[in-house]
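Asker: Protein chains in written order, with the numbering used here: chain U, 1 to 398; chain G, 399 to 796.
Even glycine gets a Cβ: it sits at the ideal position worked out from N, Cα and C.
The structure presented is a predicted model; accordingly, all values stated were derived computationally and were not measured.
1) Which residues in chain G sit within 9 angstroms of residue 358/U, going by Cβ to Cβ distance?
2) For the structure I just gave you, are there three or more beta carbon pairs, one from the segment 546 to 560 of chain G and one from the segment 598 to 611 of chain G, closer than 8 angstroms?
3) Pull up the distance between the alpha-carbon of residue 187/U and that of residue 612/G, whole angstroms please.
4) Would you say residue 682/G faces chain U, with C-beta separation under 7 angstroms as the test?
5) Can you give me the C-alpha to C-alpha distance between residue 143/U and residue 83/U, rounded to a whole angstrom?
6) Under DSSP, the beta strand (DSSP E) around residue 87/U begins and ends at which residues?
7) Taking DSSP's pairing of strands, which residues face residue 74/U in a bridge?
8) Within the same chain, show all residues whose beta-carbon is closer than 6 angstroms to that of residue 276/U, passing over the 5 residues directly before and after it, in chain order.
9) By the three-class DSSP mapping on this structure, what secondary structure does residue 8/U have?
10) Quick one: using the 10 Å Cβ neighbour count with 16 as the cut-off for buried, is residue 753/G buried or exposed?
11) I need the straight-line Cα distance from residue 786/G to residue 780/G, nearest angstrom please.
12) What does a CB cutoff of less than 6 angstroms around residue 370/U pick up in its chain, not counting 5 residues either side in sequence?
13) To the nearest angstrom, how far is it from the Cα of residue 292/U to the Cα of residue 639/G?
14) So for residue 399/G, helix, strand or coil by DSSP?
15) Taking residue 23/U as part of the beta strand (DSSP E), name the residues at either end of that continuous run.
16) Flag this pair as touching only if the segment 315 to 322 of chain U and the segment 119 to 131 of chain U have three or more C-beta atom pairs under 8 angstroms; answer yes or no.
17) Could you tell me whether the Cβ atoms of residue 660/G and residue 644/G are closer together than 7 angstroms?
18) Does the distance between the C-beta of residue 642/G and the nearest non-hydrogen atom of the ligand MN fall short of 6 angstroms?
19) Using only alpha-carbon positions, find the residue among 475/G, 468/G, 495/G and 488/G that is nearest to residue 453/G.
20) Ignoring anything shorter than 3 residues, give me the beta strand (DSSP E) runs that lie fully in the segment 192 to 273 of chain U, in order along the chain.
21) By a C-beta neighbour count over all protein chains shown, 10 Å radius and 16 as the cutoff for buried, is residue 87/U buried or exposed?
22) Interface residues of chain U around residue 715/G at Cβ under 8 angstroms?
23) Can you check whether the CB of residue 494/G is closer than 7 angstroms to the CB of residue 478/G?
24) Does any C-beta atom of chain U lie closer than 7 angstroms to the C-beta of residue 440/G?
25) Between residue 411/G and chain U, is there a C-beta pair that is closer than 7 angstroms?
26) Output yes if chain U places a C-beta closer than 7 angstroms to the C-beta of residue 753/G; else output no.
27) Quick one: give me the first and last residue of the alpha helix (DSSP H) that residue 529/G is part of.
28) If you follow the alpha helix (DSSP H) that residue 377/U is in, where does it begin and where does it stop?
29) I need the boundaries of the alpha helix (DSSP H) containing residue 506/G, first residue and last residue.
30) Taking only three categories from DSSP, how would you classify residue 688/G?
31) Tell me which residues share the same chain as residue 26/U and place their Cβ nearer than 8 angstroms to its Cβ, disregarding the 5 neighbours each side in the sequence.
32) Are the beta-carbon atoms of residue 358/U and residue 304/U separated by less than 7 angstroms?
33) Residue 219/U and residue 267/U: beta carbons closer than 7 angstroms?
See the structure below:
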């Protein structure tokens, strides 16, 4: 909210800013809130009353008395709203329900073909979400937002996929508008690597201000957190690592002499093609993962080489962004430590000392849980933003 | 200031947060500030009194009366403090005085050899600053901070240069400690490309949230603004573009087959070496610039080729960060449009459509002024941060 908005729209810090103070989970008295904010006691009282009426805050026992009636305390109520958090992959979908603190309450994963197009896929997602919302444990919690991660580029401001290569029929489809036919709440959409970066950050490295999540699967992409913020760039296409050219190196894949986009060298699709040339019947990323798990030496070496190629691009990112953590995920990134070994080999050799001396390069631990958690966090940050809380409370009063 | 600090250290929003509201330059009454903040009138009064006593705010006439005595207005006073803003290059130094709004009041530029070491250089800087501070127009303004840009990597948290290649004797030298022997105020140090990025952003592209400034001179470096914030990374080494390897390309310099760090291909030093191989007597960046200015065809072509090599790395940055503006500066970047032409040729051909369709690639307009402005802005953001304002006011009361 700009200064000017405040002057025109009338107001001093509203209930939304009081709620921010409670998001750490501690219970506080009205006197605590007066002390913290400097607002007049009457102002704090009316703000707190609005939060209590909305259910966003709840009574939380009494503080120690200093004589007389002990003062009542209030606390943030994460169960005041439910979020549908969705992670869509090429061949599966996970639908989860989270509360306003981002805790995942219920989850359901099913096979699902993203190439079936947005109507069929989103109908399925909406139906799954409706089933979860009927569950006894959550039936009384109102739905306040939907977050969806998809395996392709998204114009985040509109929620529309933008030329997504493995999502036929989804190009510029109005995902929020379609979902809102059923659930009339804010619907946020982002690409899967961005929500994985948010989820991994929250799960495993909440104190890191500079973190890169890299997904290596059918394609390759990165989610970049710099200065504590997810970076989407001017048009929302930041993190497009798959289209970065790989520096030529004596270590590079043979393919590097012809086509040097990282995705054409080191994705699951590219590894499968390399293995086909060696006589394996690998059609896809999934076939590559199966061979790695079976201990196939050619598949393991090809994956390690892919790691070196990914490492060439990550070495540049380390010079440019100086992250403290790089996390490798995606089906190829999770299949054993072969990709990780190749990445480490190149990055630790090539990047400058200052930038690598405290750099951790690790495999994802979060998996599916990180994805839906990231989708939930994307939505909680939006619905709990002070201006949005104030807008909802004032709409409820009308 | 964390929530916990506030609880322990006592306090509600202080004078610093009131001052933030005045930084837009508009004059306001106490009633305006009560309305904007929701603070009690008595609280606003005491905060405003402290700002008036410190000189950070001044009376600014009267608002229109609604009957009775018209209410007094107050405004931010940028002349409440002076900042010494310094830009050190390899062979020159600029010392400027700025006010708290970042306006440059006085400037002085001199030849200066950074390789003479920190004591000789900083003694000179301090002496120049002392002369400027005695000038009639600024003599009454108290010095509140010093900002220094240097041509090499800096550990920003301590202000110490870190293995700077062209700054012999400066490695890990305590620049703030040395300057504070004369000026007992906060001293902030950063590398020159970061302060140029801040200065160019403020001067020419204040609305851009994602901007990259690239300096091509004796060396090569970048200052990266992403999501509206200058990004320094986990150890402060972000933007080290000179050590990024250049993807091999049929267009690359002949040198690319042996040594592919960008700085070894496309810096002024590298261009001078290339021209020496063609029989020119070029020893340095300055010689290259002189040849370009004289219209030498070999120098122009070598610079354009350097632009293509810089463009290869910038194309990767465009994929990774999706900036809306790239600004080329440094002595080679400013010498005609040859570097610019080479960069544009590669970036517009190689980067993905979504990221380049609204991307501006331009030459710096700011020059020396952008550098000292950036150094001044680095300091104003620090000294006007609410917690620092409050600390100074409470120290002044003791």
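Answerer: According to the structure data:
1) Among the residues of chain G, those whose CB is under 9 angstroms from the CB of residue 358/U are 632 and 633, following chain order.
2) Not touching, per the Cβ criterion.
3) Our two residues, residue 187/U and residue 612/G, have alpha carbons roughly 38 angstroms apart in a direct line.
4) No, no contact with chain U.
5) Approximately 6 angstroms, taken between the alpha carbons.
6) Its beta strand (DSSP E) spans residues 82 to 88.
7) According to DSSP, which records beta bridges pairwise, residue 74/U is partnered with 28/U and 59/U.
8) Contacts found: 282.
9) With a pLDDT of 34 at residue 8/U, under the threshold of 50, the modelled position of this residue cannot be trusted, and the question is left open.
10) Looking at its Cβ environment, which holds 16 or more other Cβ atoms inside 10 Å, residue 753/G is buried.
11) Counting only the Cα atoms, residue 780/G lies some 7 angstroms from residue 786/G.
12) The residues are 196, 199, 200 and 203.
13) Taking the straight line from one Cα to the other gives about 36 angstroms.
14) For residue 399/G, the predicted model reports a pLDDT of 38, less than 50, meaning its position is unreliable and no value from the coordinates is stated.
15) That residue, residue 23/U, is in no beta strand (DSSP E); it is neither H nor E in DSSP.
16) Output reads no: the segment 119 to 131 of chain U does not touch the segment 315 to 322 of chain U.
17) Contact flag set, yes.
18) Although the ligand MN was asked about, the structure shown includes no ligands whatsoever.
19) Nearest C-alpha to residue 453/G among 475/G, 468/G, 495/G and 488/G: 475/G.
20) Taken in chain order, the complete beta strand (DSSP E) segments of 3 residues or longer contained in the segment 192 to 273 of chain U are 211 to 216 and 220 to 226.
21) Its Cβ being crowded by 16 or more others within 10 Å, residue 87/U is buried.
22) What residue 715/G touches in chain U: 320.
23) Taking 7 angstroms as the cut-off, the Cβ atoms of residue 478/G and residue 494/G do not count as close.
24) Chain U, which has no Cβ nearer than 7 angstroms to the Cβ of residue 440/G, makes this no.
25) Answer yes: the Cβ-Cβ gap between residue 411/G and chain U drops below 7 angstroms somewhere.
26) Judged by the 7 angstroms Cβ criterion, residue 753/G is in contact with chain U.
27) Per DSSP, residue 529/G belongs to the alpha helix (DSSP H) from 516 to 531.
28) For residue 377/U, the enclosing alpha helix (DSSP H) begins and ends at 367 to 383.
29) Counting along the chain, residue 506/G falls outside any alpha helix (DSSP H), though it belongs to the beta strand (DSSP E) covering 502 to 509.
30) Note: residue 688/G maps to helix in three-state DSSP.
31) Leaving aside the five residues that flank residue 26/U on each side, the residues in its chain whose CB is nearer than 8 angstroms to its CB run, in chain order, 75.
32) Residue 358/U places its beta carbon 7 angstroms or farther from that of residue 304/U.
33) Yes. Within cutoff.
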